[in-house]
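Using full-length UniProt numbering, read the sequence shown as starting at 1 and increasing by one per residue.
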Amino acid sequence: MKPGDLDVDAAKAVEARQEIDLRAGAAFTRLQTMNLRASLTLEDMLLSYGPCQFPTLGFVVDHYKRVQAFVSEPFWSIEVHYKVKENDKVHTVVFLWDRKHLFDQSIVQLLHARCKLAAHAVVQHISCKPTRKRKPTPLTTVELQKNLSRLTGMAPKKILDVAEALYQRGFLSYPRTETDQYDQNFDFLSVLEKQKNDRSWGALATELHTSASGNVVEQQLQYERPRNGRKNDNAHPPIHPTSHANDLSADEKKVYEYVTRRFLASCATDALGEETKVVLDLAGEHFHTTGLVVHALNYLKVFTYEKWDNKWMPEFHEQQRITPHSIHIKEGATSPPSLLTEADLVGLMDKNGIGTDATIAEHIKKIIDRQYIVTQKQGKTNYLLPSTLGMGLVEGYESMEISKHLCKPMLRRETEEKLGLVAQARISKQETVSQSMKEYEAIFGAIQNNFSKVMQVR
1 MKPGDLDVDA AKAVEARQEI DLRAGAAFTR LQTMNLRASL TLEDMLLSYG
51 PCQFPTLGFV VDHYKRVQAF VSEPFWSIEV HYKVKENDKV HTVVFLWDRK
101 HLFDQSIVQL LHARCKLAAH AVVQHISCKP TRKRKPTPLT TVELQKNLSR
151 LTGMAPKKIL DVAEALYQRG FLSYPRTETD QYDQNFDFLS VLEKQKNDRS
201 WGALATELHT SASGNVVEQQ LQYERPRNGR KNDNAHPPIH PTSHANDLSA
251 DEKKVYEYVT RRFLASCATD ALGEETKVVL DLAGEHFHTT GLVVHALNYL
301 KVFTYEKWDN KWMPEFHEQQ RITPHSIHIK EGATSPPSLL TEADLVGLMD
351 KNGIGTDATI AEHIKKIIDR QYIVTQKQGK TNYLLPSTLG MGLVEGYESM
401 EISKHLCKPM LRRETEEKLG LVAQARISKQ ETVSQSMKEY EAIFGAIQNN
451 FSKVMQVR
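Set out below in structure tokens:
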């Protein structure tokens with residue numbers, strides 16, 4: 001197929017998806033709206049159903065219920081502190097217990113007493129190994145929404161809208177893509193060239209451009225072709241800057257800067273360092289500490305969203321005997337998972353095949369607009385909670401004996417798998433639509449006969 005040619009089978013898959021979503025959505029939306037409006041005094045509110053909306057709502061409800069049901073459990077651990085003086089400064093080295101923690105306080109107290117009675121601890125093993133922090137892969141739509149939402153608190157839909165606006169102005173490539181690998185003939189030099197005059201990252205872009213041109217200068221950022229991710233939709237390249245941008249709004253600057261720094265980072269080399277691990281034997285119990293020396297920040301010079309810092313450690317020798325400064329019991333407790341964030345939800349949807357890179361943000365916005373979920377802002381982070389209505393819909397449907405629940409990802413995942421076969425010309429569009437609608441019709445009948453279970457929710 002030549003560039004610009006229409007992929008007929010892919011187009012048929014798109015048509016099939018649209019038909020399935022429209023027919024199922026219209027039927028279930030009418031069923032919900034007509035039955036619940038009067039019952040719940042919702043006036044003119046539209047209680048829409050969407051084959052992607054409801055699994056998305058289901059993720060929020062399931063996670064919220066896990067958080068609410070969580071029962072904290074206390075635990076205890078032992079920590080060894082060793083003090084050493086260097087350059088007229090006293091440093092405390094903390095050795096952590098290899099057992100991590102135990103839930104039996106009496107056992108921990110017994111082991112702690114044994115450690116306290118020991119005359120000294122012995123350095124049992126020292127290992128040093130090179131380590132690296134890998135540079136990011138090329139940028140997809142899902143990664144853009146997920147990471148920038150986590151970093152800035154912007155809603156995924158807002159991020160995508162801003163990226164679209166930057167694309168329309170010629171500053172970014174097309175922002176709806178699943179591809180995280182560049183074509184072999186991609187012109188990295190021209191993209192780097194356009195960033196050389198930027199006041200924030202221009203110097204680093206210049207170093208990368210110099211290196212990519214074959215002129216290696218020591219102590220400067222070195223170019224390395226971006227590593228390939230796992231996805232290629234054969235339609236659009238990863239998101240990258242297409243020209244230098246100025247006169248941007250605050251939100252536009254956040255999106256443009258992230259895309260550009262991510263691109264530059266993907267063209268640099270991994271950060272390099274050396275990690276040292278020291279294992280201590282104290283009365284038969286093992287403790288460890290680690291140190292890190294960062295030799296070269298490399299991509300981290302430009303990708304300022306990530307940190308990798310040196311962790312100082314004094315020099316130890318195997319079989320060295322040391323006297324701990326303190327050995328104490330630390331008490332803690334298991335903690336519940338945090339509430340779901342918009343970034344988390346984007347990741348869950350992508351992992352479970354709910355929505356596409358281009359529609360995930362729209363589905364999240366839709367269930368917020370429909371008041372199925374609410375947002376709770378803490379700092380920069382938006383947490384998602386189900387509303388009473390959203391919780392009631394999910395619990396009502398889950399109380400019915402249906403083989404495939406509307407609020408679980410299985411039904412949509414299977415539909416997407418069939419649509420993938422249509423795009424590969426392995427099954428026909430008509431067959432896929434027919435199979436899917438038969439499933440939805442069976443579910444519709446079961447729900448219609450038991451809708452009173454949903455109406456019981458208040």
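The C-beta atom is built at its ideal place from N, Cα and C for all residues, glycine as well. All values reported here derive from a predicted model rather than from experimental measurement.
Span separating the alpha-carbon of residue i from that of residue j
{"i": "LYS438", "j": "ASP7", "result": "28 Å"}
{"i": "GLN105", "j": "HIS325", "result": "23 Å"}
{"i": "THR33", "j": "LEU47", "result": "5 Å"}
{"i": "HIS244", "j": "LEU172", "result": "9 Å"}
{"i": "GLY392", "j": "VAL454", "result": "7 Å"}
{"i": "VAL346", "j": "TRP312", "result": "37 Å"}
{"i": "MET154", "j": "ALA442", "result": "40 Å"}
{"i": "GLU73", "j": "ASP88", "result": "43 Å"}
{"i": "THR242", "j": "LEU340", "result": "34 Å"}
{"i": "ASN450", "j": "MET400", "result": "7 Å"}
{"i": "ARG458", "j": "ALA343", "result": "Because the pLDDT at ARG458 is just 49, under 50, the model does not fix this residue reliably, and the value given afterwards should be weighed accordingly. Answer to the nearest angstrom: the Cα atoms are 30 Å apart."}
{"i": "SER167", "j": "LEU36", "result": "Looking at the sequence itself, residue 167 is Tyr, so the reference to Ser does not match. Distance between the alpha carbons of TYR167 and LEU36 is about 42 Å."}
{"i": "ARG321", "j": "HIS91", "result": "18 Å"}
{"i": "LYS365", "j": "GLN53", "result": "9 Å"}
{"i": "GLY445", "j": "SER387", "result": "27 Å"}
{"i": "GLU431", "j": "ASP233", "result": "24 Å"}
{"i": "GLU123", "j": "VAL93", "result": "Per the sequence shown, residue 123 should be read as Val rather than Glu. Answer to the nearest angstrom: the Cα atoms are 13 Å apart."}
{"i": "LEU148", "j": "GLU395", "result": "32 Å"}
Close-in-space but distant-in-sequence residues of the same chain around residue i (CB under 6 Å, 5 per side omitted)
{"i": "THR415", "result": "SER436"}
{"i": "ARG150", "result": "ALA343"}
{"i": "HIS63", "result": "LEU340"}
{"i": "TYR440", "result": "ALA24"}
Residue i and residue j closer than 7 Å at C-beta
{"i": "ALA24", "j": "PRO51", "result": "yes"}
{"i": "PHE95", "j": "THR323", "result": "no"}
{"i": "LEU384", "j": "ILE373", "result": "yes"}
{"i": "GLY273", "j": "LEU292", "result": "yes"}
{"i": "VAL142", "j": "ASP350", "result": "yes"}
{"i": "LYS196", "j": "GLY202", "result": "yes"}
{"i": "ALA165", "j": "VAL433", "result": "no"}
{"i": "LYS157", "j": "ALA361", "result": "yes"}
{"i": "LYS129", "j": "GLU275", "result": "yes"}
{"i": "LEU57", "j": "GLY390", "result": "yes"}
{"i": "LYS301", "j": "SER127", "result": "no"}
{"i": "ASN352", "j": "PRO409", "result": "yes"}
{"i": "LYS135", "j": "TYR397", "result": "no"}
{"i": "ALA163", "j": "VAL279", "result": "no"}
Range covered by the alpha helix (DSSP H) that runs through residue i
{"i": "PRO156", "result": "156-168"}
{"i": "TYR182", "result": "First-last for TYR182: undefined, no H or E at that position."}
{"i": "GLN145", "result": "141-152"}
{"i": "CYS115", "result": "105-117"}
{"i": "SER211", "result": "202-212"}
{"i": "LYS377", "result": "Unbroken run through LYS377 is the beta strand (DSSP E), 373-378; no alpha helix (DSSP H)."}
Coarse secondary structure for residue i, derived from DSSP in three states
{"i": "THR318", "result": "According to the sequence displayed, residue 318 carries Glu and not Thr. Looking at GLU318 - three-state DSSP - the assignment turns out to be coil, as it is neither helix nor strand."}
{"i": "ARG458", "result": "In this predicted model, ARG458 has a pLDDT of only 49, less than 50, meaning its place in the structure is not dependable enough to derive any value."}
{"i": "LEU300", "result": "helix"}
{"i": "PHE451", "result": "coil"}
{"i": "LEU195", "result": "One point to set straight first is that residue 195 is Gln, not Leu, in the sequence displayed. Coil, per DSSP."}
{"i": "LYS249", "result": "Note that residue 249 corresponds to Ser in the displayed sequence, not to Lys. Coil at SER249, not helix or strand."}
{"i": "ALA268", "result": "coil"}
{"i": "GLY390", "result": "helix"}
{"i": "VAL217", "result": "coil"}
{"i": "GLU342", "result": "helix"}
{"i": "ALA24", "result": "helix"}
{"i": "LEU96", "result": "strand"}
{"i": "THR137", "result": "coil"}
{"i": "SER48", "result": "coil"}
{"i": "THR359", "result": "coil"}
{"i": "residue 461", "result": "Since the first and last residues shown for the chain are 1 and 458, residue 461 lies out of range."}
{"i": "LYS418", "result": "helix"}
Contacting residues, own chain, Cβ-Cβ under 7 Å from residue i (five flanking each side not counted)
{"i": "CYS115", "result": "ILE78, LEU282, ALA283, GLU285 and ILE327"}
{"i": "TYR182", "result": "PRO138, PRO226, PRO237 and PRO238"}
{"i": "MET1", "result": "Unreliable positioning characterises MET1 in this predicted model, as indicated by a pLDDT of 48, which lies under 50. The coordinate reading is nonetheless provided below. Same-chain partners within the cutoff: ASP7."}
{"i": "TYR49", "result": "GLY25, PHE28, THR29 and GLN32"}
{"i": "THR206", "result": "LYS196"}
Host beta strand (DSSP E) of residue i (start-end)
{"i": "TYR64", "result": "Taken as a continuous stretch (DSSP letters only), TYR64 belongs to no beta strand (DSSP E), being part of the alpha helix (DSSP H) at 53-69."}
{"i": "ASN228", "result": "Counting along the chain, ASN228 falls outside any beta strand (DSSP E), and DSSP gives it neither H nor E."}
{"i": "GLU79", "result": "74-86"}
{"i": "GLY284", "result": "No beta strand (DSSP E) contains GLY284, which DSSP labels as neither H nor E."}
{"i": "GLY332", "result": "326-333"}
Other residues of its chain near residue i: CB distance less than 8 Å, five sequence neighbours each side excluded
{"i": "ALA212", "result": "PHE188, LEU189, LEU192, TYR223 and CYS267"}
{"i": "GLN424", "result": "ASP9"}
{"i": "GLY420", "result": "ALA13"}
{"i": "THR140", "result": "THR177, GLU178, THR179, ASP180, GLY229, LYS231, PRO238, ILE239 and ASP357"}
{"i": "LYS307", "result": "LEU300"}
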